[in-house]
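Asks:
Residue numbers (the numbering used here): -1 to 197.
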């Protein structure tokens, strides 16, 4: 379960703290953007974690379906495709394109692997029906928890985007200023000419 700890130091604790979006109209635009970016990174991480879980759910369901239908071919050939689809696809219908990379990918993988310690999906055909059902329940419960937090973070992100958009619409923020700031961040700094002392 994805718990949020009031006053916690993790990014999800900060982003989902009610005070994170309080008094937005009093904050400098740079601070609003910084908090928005923090929320966007958390959304990316949760999205990645959810896809890891969905991939495992798909693998278990595919094996269960193979057994119900009496299929003789092992699932191994399909594993790569199932994992690849879930690794790159955004949530269907979300309308969001993730350009960020997850910041805690390895930690997320370890978390998912630890959910069902005695289940090795790389050899899914060797698992008992009971093990498959237990894994499906564990992965499904965790996926629901992650999805719920993901939606909460999306609402926070939408709040920041709406605030930034309203400032540009009202003229309180300038697109030209934003572009100038971005140019300063991307342009290489030129070294100052070396001064020679008069001899």
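Glycine is no exception: its CB is placed at the ideal position from the N, C-alpha and C atoms.
So which of 12, 3, 38, 5 has the shortest CA-CA distance to residue 158?
Replies: Selected option, being the one with the closest Cα: 38.
Asks: With a threshold of 7 Å on Cβ separation, who are the neighbours of residue 150 within its own chain once the five nearest residues in sequence on each side are excluded?
Replies: Contacts found: 14.
Asks: If you compare alpha carbons, which of 103, 20, 144, 131 is closest to residue 116?
Replies: Residue 131 is the option with its Cα nearest to residue 116.
Asks: Using the beta-carbon count (16 or more within 10 Å), is residue 147 buried or exposed?
Replies: Buried is the call here.
Asks: With DSSP as the reference, label residue 8 as helix, strand or coil.
Replies: Note: residue 8 maps to coil in three-state DSSP.
Asks: Cα separation between residue 28 and residue 107?
Replies: Their Cα atoms are separated by approximately 33 Å.
Asks: Got a sec? Which residues, its chain only, sit under 6 Å from residue -1 by beta carbon, not counting five neighbours each side?
Replies: Hits under 6 Å: 143.
Asks: For residue 47, tell me which candidate among 11, 121, 110, 17 has the shortest Cα-Cα distance.
Replies: The shortest Cα separation from residue 47 among 11, 121, 110, 17 belongs to 110.
Asks: In angstroms, rounded to a whole number, what distance separates the CA positions of residue 166 and residue 152?
Replies: Going from the Cα of residue 166 to the Cα of residue 152 covers about 21 Å.
Asks: So for residue 18, helix, strand or coil by DSSP?
Replies: Here residue 18 sits in helix by DSSP.
Asks: What is the DSSP secondary structure of residue 87, counted as helix, strand or coil?
Replies: Any answer about residue 87 is weak, because its pLDDT of 47 lies below 50 and its placement is not dependable; what the coordinates show is given next. Looking at residue 87 - three-state DSSP - the assignment turns out to be coil, as it is neither helix nor strand.
Asks: Distance, Cα to Cα, residue 12 vs residue 133?
Replies: Computed Cα separation, rounded: 31 Å.
Asks: What's the gap between the Cα of residue 127 and the Cα of residue 44?
Replies: Whole-angstrom Cα-Cα distance: 30 Å.
Asks: On a Cα-Cα basis, can you pick out the residue from 25, 8, 56, 41 that is closest to residue 155?
Replies: Closest by alpha carbon: 41.
Asks: Three-state secondary structure (DSSP) at residue 30?
Replies: The answer is helix: DSSP assigns residue 30 an H, G or I state.
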